[in-house]
Structure formats: C-alpha cells, structure tokens
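Residue numbers (this note's numbering), protein chains in the order written: chain A, 61 to 388; chain B, 61 to 388.
2 protein chains.
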Amino acid sequence: MKCKRCRRAEAAVELPSHHSAFCPDCFFVFFRRQVTEGIRKLRLLAPEDRVLVCVSGGKDSLVLWDVLIDEGYETEGLYIDLGIDGYSDRSKEKVLAYAASRGKTPIVVELAKEGIPIPEAARCARMQECSICGTVKRYFFNRVAAEGRFTVVATGHNLDDETARLLGNLLHWQRGHLARQHPLLPGADGGLVRKVKPLWRVSEVETAAYGFLKGIDYVTEECPMSEDATSLVYKEALSRIEDRMPGTRIVFYQGFLDPSNPLRKGAEAAAPAADTARATEVDAEEGAGTPRACASCGAPTYTETCSFCRLKERVRKARSLRAAGGSR
Amino acid sequence: MKCKRCRRAEAAVELPSHHSAFCPDCFFVFFRRQVTEGIRKLRLLAPEDRVLVCVSGGKDSLVLWDVLIDEGYETEGLYIDLGIDGYSDRSKEKVLAYAASRGKTPIVVELAKEGIPIPEAARCARMQECSICGTVKRYFFNRVAAEGRFTVVATGHNLDDETARLLGNLLHWQRGHLARQHPLLPGADGGLVRKVKPLWRVSEVETAAYGFLKGIDYVTEECPMSEDATSLVYKEALSRIEDRMPGTRIVFYQGFLDPSNPLRKGAEAAAPAADTARATEVDAEEGAGTPRACASCGAPTYTETCSFCRLKERVRKARSLRAAGGSR
Numbered sequence: 061m062k063c064k065r066c067r068r069a070e071a072a073v074e075l076p077s078h079h080s081a082f083c084p085d086c087f088f089v090f091f092r093r094q095v096t097e098g099i100r101k102l103r104l105l106a107p108e109d110r111v112l113v114c115v116s117g118g119k120d121s122l123v124l125w126d127v128l129i130d131e132g133y134e135t136e137g138l139y140i141d142l143g144i145d146g147y148s149d150r151s152k153e154k155v156l157a158y159a160a161s162r163g164k165t166p167i168v169v170e171l172a173k174e175g176i177p178i179p180e181a182a183r184c185a186r187m188q189e190c191s192i193c194g195t196v197k198r199y200f201f202n203r204v205a206a207e208g209r210f211t212v213v214a215t216g217h218n219l220d221d222e223t224a225r226l227l228g229n230l231l232h233w234q235r236g237h238l239a240r241q242h243p244l245l246p247g248a249d250g251g252l253v254r255k256v257k258p259l260w261r262v263s264e265v266e267t268a269a270y271g272f273l274k275g276i277d278y279v280t281e282e283c284p285m286s287e288d289a290t291s292l293v294y295k296e297a298l299s300r301i302e303d304r305m306p307g308t309r310i311v312f313y314q315g316f317l318d319p320s321n322p323l324r325k326g327a328e329a330a331a332p333a334a335d336t337a338r339a340t341e342v343d344a345e346e347g348a349g350t351p352r353a354c355a356s357c358g359a360p361t362y363t364e365t366c367s368f369c370r371l372k373e374r375v376r377k378a379r380s381l382r383a384a385g386g387s388r
Numbered sequence: 061m062k063c064k065r066c067r068r069a070e071a072a073v074e075l076p077s078h079h080s081a082f083c084p085d086c087f088f089v090f091f092r093r094q095v096t097e098g099i100r101k102l103r104l105l106a107p108e109d110r111v112l113v114c115v116s117g118g119k120d121s122l123v124l125w126d127v128l129i130d131e132g133y134e135t136e137g138l139y140i141d142l143g144i145d146g147y148s149d150r151s152k153e154k155v156l157a158y159a160a161s162r163g164k165t166p167i168v169v170e171l172a173k174e175g176i177p178i179p180e181a182a183r184c185a186r187m188q189e190c191s192i193c194g195t196v197k198r199y200f201f202n203r204v205a206a207e208g209r210f211t212v213v214a215t216g217h218n219l220d221d222e223t224a225r226l227l228g229n230l231l232h233w234q235r236g237h238l239a240r241q242h243p244l245l246p247g248a249d250g251g252l253v254r255k256v257k258p259l260w261r262v263s264e265v266e267t268a269a270y271g272f273l274k275g276i277d278y279v280t281e282e283c284p285m286s287e288d289a290t291s292l293v294y295k296e297a298l299s300r301i302e303d304r305m306p307g308t309r310i311v312f313y314q315g316f317l318d319p320s321n322p323l324r325k326g327a328e329a330a331a332p333a334a335d336t337a338r339a340t341e342v343d344a345e346e347g348a349g350t351p352r353a354c355a356s357c358g359a360p361t362y363t364e365t366c367s368f369c370r371l372k373e374r375v376r377k378a379r380s381l382r383a384a385g386g387s388r
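Laid out in structure tokens, this is it:
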C-alpha cells in the first residue's frame, strides 16, 4: 500500500481510526501535528514555558520528550528511580542513553536515597505498589518543578491511558475524579505547578510506532508491580471495541472534554463527600482552589499534612515496629 | 458447595457479583426478589396495572412473563412475528407453548400480513434490519397496548442489555439518548403507553439460569439478522470487565440512574440539535412532552408523520419502483 499523504513511498503505519496509512516521514509529520494540535486546542503549553518532562524510560514519555525538543520547547527530563530490582536500572539506562543522544542530562531522584523505595514501602505500609507510586511521583514531579522554577510538568499519558481511566471513572461514577480528569490541570498559588498531558490525542500504537521508526530505544517490559492493575482491564476492553469500531476512543475522549458536557461541570459542584475525601488523598494536583503548605514539608496540599509525608510516616512507623519486633 | 441461603441443599447457581451461591429453590426466591426490588425502587408497576408483556420467544421475555404471572400481575403476552424464515416460526412455537402452560393465549401480530416483514422491508428500504425492527416493534407495542387498554408495556431487557446500551451512549456521548435511557419511560396523553423494563437489575446469566431451572423452553439461537450488532461488542467488553471485577455492571447502571447524576438531568435541557433530531426519529417512546397524532395513522409521534408510516411509505415506493422495473 502507498502512503496516503505523499502517494509515493510505501506505507509503514496503517491507522484505521484516521482512515489512513503513512510512510515513515509522513507519519512523523502526522504524529507531530496530532500532538501540537492537542497542545494548541487545550492551550497546554506556551512558547515561553520551561517544561519538566517526566520520563520513565518507556515509549510514551521518551516520545513526548522527543517531540517537545523537536518542536523547540525548553525542556529538562526528570527520572524517578523507583528502586525496583532490575527494572529500575534498565529503565534508567534507557533514559540516560536517550538524553545523551539529545545532549541532555536528566534530573534523577532516587527513592532509595529518599528513604522510600516503592517495593519496601509497599510491604511496610501494606499498601498497593501502584497507589504508593502515584503519591510519590506526584510529590516529586511538583517538588522538582517548583525548586527548578519550571512553569509546567508534562507526562506521557496517551489516549489509551486517558480513555481507560475515563472508562473506570464512569463505570464507578467517581464524580470528583470525572470533574478533574483533563489533559490540563492548572497550577495554583502556594507552589502547585501546572500539569499537562500533551499526548492525549495519540494512541499507544501510534506512540509505539513513532518511537520505533525514530529509533528511540525504550523499555518494553511493563513495570513488574503493575501486572494486576485494573487499568489494564479497561484498556483491553476499549482495545476490543476500537478494533471493531476504529475511532471510538478519540470520539469518547473528545466528547468527554467538550466544555458543555454536564458531567464535568456538574460534578465539580456536586461531588459527594466520600468522593471528595478520596480526591484530597491524592493531594494538590487533584484538588481545587488554593492549597496550603504541608505542616511537615511545606509542599502544597489540601490536608494538614501532605499525603507524601503521611505515607513516609506510615512506612517509618512500620519499620520501627519491625525493628522492635526483631530485637525482642 | 452448599447453598449460602438455606445452607442445606447443594448450590446450583454461583453469583460472584453477589458473593453468593444458591440451590434452585433459593435462587428462585433471590431472583424474584431482585426483580420485585427493581420494580419497587423505580415504581415501574402498580398492583392495579394491566401489563402487556412483549415476548420474543427468548429467555428474557419469557422469564419476565413468568415472574410477573407468579407475582400476581394481570398480564397478556404480545408476540410480533417478524417474518424471518425459520427463526420466527421456531420463536412463535416457544411462545405459544409457554403461554399454553400458563393457560394463556398470546396476542400475535404478523408483520407479513401487515405488509412489512423485516427481511424484505430491509432489502427494499436499504436499511439495517435491527433499525427497522426497532421502529416496527415500538409501533406495535404501543398500538396493541393502547387498543387493548393496557396501562403499561413491559419488555425483557436485562442488566447486560441496559449496560451495553449505556456504554455505547457514553462512548459516543449521545446526550439525548442518555437523558432518556431509563427502565421507566412514562406514558403521555395522546395514546402513549408507559414502558418498563422490570429485569433491569438481573444479569443475562441470572435470567438464563432462572429459565433453565424453571424448565422454561426458550429459543437459544440469536436472531440471524443481529450478528453484527454493535451492542454485542459492548456487551462482550463489559463481560470481560465483569469477569475480572464482579459487580461492576450493577454499580455502573445504578450510578447512572442516581437522580443526582448531572448527565441525565443536564442532557434533557441541553441536548444538541443533531441529537434531538436523532431522538425524534425513534418516535414517541423516546421523545419528551405531549406527542401529537400521526397525520397518516393517528399514532402518537413528535413528527408530522410517525416513523412507522414513513418506513412503510419508503418500502411501498421501493416496491413499486421494482415492480415498474420488472414490467419494462
């Protein structure tokens, strides 16, 4: 099949949801246009922004960084070493190698040095790894951005990620979450940095194709902690629908984001108490209004102590209990 | 495994979504309670109602009729013979046999006699069979009910049907449809009869188990026209989620029906024009306000001529064109 854009080269990527197929060069143009359109439509970034790109070593975040560099944004990469045996080292290697290829040195936060490596913290606190990981990442994304005077934090969530999350929120009618789910979470006074998801219009398959054709070397293994993640169940369900009805995902997400959608507006005002409580647990990025300073670390939060400090305290207590048990 | 209710008999039906397992007798109690709770919660039926039960010969509608008879409601069955070779005859047989076993004679409408058998009408009008079938059924459900002075029409849609429809409406943000999707569609002056779905709280598996254990003989084959129906895609996607997370379907649907859900209220006021147009196409049952009389047949409608008459006219024209073509 010939490329539907240049009509000369052989097509390398077929995209049923766009009724199209592209050769590598034309696909690069298409993909970057999708991303820049996503940025423009929702005003995610301005030319003067200093962007902190959160990179995990996976395809999405490295592709995001690649596109933002190519589009001329001022960016730095942030890698959070989760302290997961083997997986974290392999991921870091990919991040460092990619950064070096673009003449960059990423900022690295090591959770082991911060006293809260994910696997041990999860065991101690008896919590799910993914839940801890979310809290810890959100905390460092914001802290590093605020300390480094970045104007915005960018993450590599793609259309598949966002629609899986949306489906989960709809299946359980988590109205507070629905009200706040958006590729743009505004910043706030008190040190809360704006957060954006510039890849919201491109699918996982498209992102993978871009990374592959661009020769970006990324970690292909899934995080070993996330095997049971419910989001994978939603993702798979949506994939089966998308296969049968190409284009469903983007219609689903754009319809959700439509400013006239009563669900998002209504939910902000009418979020039930239990849901609000859940929302404040995930702290600043998912709250509303002006946050205050955490009594312990000064980070922006909507509770007395931020969820990161509460988590650290929980892990610290569990550790000293274990140590006491061990010395008996 | 023992029955979780009587703790004596062997369990015959396991229900992960209810964390339970029942012997046949206890399952009958459980199932009927689910149905009557669904009727009570949404005030679908009153003791003095005269109920027209629409029976297709499949498990859902025969089980519905069975439960309503057992619960003491005054019911009659309506069978619409769609004129589909073989399938319609086999379905009718099951309906007649079940009705006879309860001392009943169903009302039968034959679409071939009405001049609009589904397969030929679809060919002539160049429309999808399922779309025509929906229009025709809705028309006769209401006409037979109004003529026979029934106070309510009941159909056998179960939780799987309703959630598949809900998912489809959400994926495409069909706000008009979302505003009107409910197990109770109120009647209106002008001959529009109330329509209810008393099985909305029970799943397909539960309904099938009830039918099987009760010895109700039903048609197990799917309608040969509906093989590609998109609702099957949504149903399958939800089944996979339900398998991994039992109870998701009922949480999804009950959360949707919650009167505080901004989606349903907001949508009624703010349905965009295109969506409203789509809604009026499906006529009276899915409209809002007081319908007027169809200029051609007098049936309640929100357009000049009802969709059934427009369909018949389209088929009539196509037929005469063919006949003219044939005589040349």
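Quick reminder that beta carbons are idealized off the backbone N, C-alpha and C, glycines included.
query                                                                                                                                                       : result
Roughly how many angstroms lie between the CA atoms of B:Leu273 and A:Arg235, to the nearest whole one?                                                     : 40 Å
Could you run through the segment 298–310 of chain B and flag, in chain order, every residue whose CB is less than 8 Å away from some CB of chain A?        : Leu298, Arg300, Ile301, Arg304, Met305, Thr308
Since A:Val213 and A:Lys255 should fall inside the 8 Å C-beta cutoff, what is the C-beta to C-beta distance between them, to a whole number of angstroms?   : 5 Å
Can you give the Cα-Cα distance for B:Ala344 and B:Tyr199, rounded to whole angstroms?                                                                      : With a pLDDT of only 41 at B:Ala344, under 50, the local geometry of the prediction cannot be trusted, and the value read off the model is given with reservation. Going from the Cα of B:Ala344 to the Cα of B:Tyr199 covers about 9 Å.
Answer with yes or no whether the minimum CB distance from A:Phe315 to chain B is below 8 Å.                                                                : First, the residue type needs correcting, since residue 315 of chain A is Gly and not Phe in the sequence shown. Judged by the 8 Å Cβ criterion, A:Gly315 is in contact with chain B.
Check the Cβ of A:Thr290 against every Cβ in chain B and list those closer than 8 Å, keeping chain order.                                                   : Arg304, Met305
So if I threshold CB-CB distances at 7 Å, which residues from the segment 218–241 of chain A count as touching chain B?                                     : Leu230, Leu231, His232, Trp233
For B:Ile276 and B:Ala268, what's the separation of their Cα atoms in angstroms?                                                                            : 10 Å
For A:Tyr278, name the three-state secondary structure that DSSP assigns.                                                                                   : coil
Nearest to B:Thr195 by CA position, among B:Ala181, B:Pro319, B:Met305, is which residue?                                                                   : B:Ala181
List, from N- to C-terminal side, the beta strand (DSSP E) runs of 3 residues or more that fit wholly inside the segment 95–125 of chain A.                 : 110–114
List the residues of chain A whose Cβ lies closer than 9 Å to the Cβ of B:Pro319, in chain order.                                                           : Those within 9 Å of B:Pro319 in chain A number zero; the least Cβ separation is about 11 Å.
Taking the alpha-carbon positions, what's the B:Lys173 to B:Gly250 distance?                                                                                : 26 Å
Could you check whether the Cβ of A:Leu323 sits closer than 8 Å to any Cβ belonging to chain B?                                                             : yes
Does any residue of chain B bring its CB to less than 8 Å from the CB of A:Phe82?                                                                           : no
So who's on the other strand from B:Ala297, going by DSSP bridges?                                                                                          : Partner(s): none; B:Ala297 has no beta bridge.
By DSSP, does B:Glu70 sit in helix, in strand, or in coil?                                                                                                  : strand
In whole angstroms, what separates the C-alpha of B:Gly271 from that of B:Lys164?                                                                           : 18 Å
CB-CB under 7 Å to B:Thr308, same chain, minus the five flanking residues each way: which ones, in chain order?                                             : Ile301, Glu302
Can you pull out the residues from the segment 82–107 of chain A whose beta carbon lies closer than 8 Å to at least one beta carbon of chain B?             : none
Could you tell me whether any Cβ in chain A is nearer than 8 Å to the Cβ of B:His79?                                                                        : no
Given a cut-off of 8 Å on the beta-carbon distance, is the pair A:Val115 and A:Pro166 in contact?                                                           : yes
What separation, rounded to the nearest whole angstrom, lies between the Cα atoms of B:Ser367 and B:Ser286?                                                 : 21 Å
Is A:Glu296 close to chain B, meaning its C-beta is less than 8 Å from at least one C-beta of that chain?                                                   : yes
Can you list the alpha helix (DSSP H) stretches of 4 or more residues lying completely in the segment 144–189 of chain A, in chain order?                   : 147–161, 178–185
Check the Cβ-Cβ distances between B:Val169 and every residue of chain A, and say whether any is below 8 Å.                                                  : no
What is the rounded straight-line gap between the Cα of B:Ala330 and the Cα of A:Phe316?                                                                    : Legend: pLDDT at B:Ala330 = 39, less than 50; position of this residue unreliable, value from coordinates given subsequently. About 15 Å.
So, helix, strand or coil for A:Leu238, using DSSP?                                                                                                         : helix
Return the first residue and the last residue of the alpha helix (DSSP H) that A:Gly271 is part of.                                                         : 264–273
Let me confirm a value: B:Thr350 is counted as buried when at least 16 other C-beta atoms fall within 10 Å, else exposed. Which label applies?              : exposed
Give me the chain B residues within the contact set of A:Val265, using Cβ-Cβ distance strictly less than 9 Å, ordered along the chain.                      : The premise fails here: A:Val265 is roughly 18 Å from chain B at the closest Cβ pair, so nothing lies under 9 Å.
If contact means a Cβ-Cβ distance below 9 Å, which residues of the segment 185–213 of chain A contact chain B?                                              : none
When the Cβ atoms of the segment 184–195 of chain B are set against those of the segment 131–139 of chain B, are three or more pairs found closer than 8 Å? : no
Are the C-beta of A:Phe368 and some C-beta of chain B separated by less than 8 Å?                                                                           : no
Spatial neighbours of B:Leu124 within its chain, please: C-beta separation below 7 Å, excluding the five flanking residues on both sides.                   : Val113, Ala214, Gly216, Pro258, Leu259
Using CA coordinates, which residue listed in B:Pro322, B:Tyr313, B:Glu264, B:Pro284 is at the minimum distance from B:Gly296?                              : The sequence shown places Glu at residue 296 of chain B, rather than the Gly named in the question. The shortest Cα separation from B:Glu296 among B:Pro322, B:Tyr313, B:Glu264, B:Pro284 belongs to B:Glu264.
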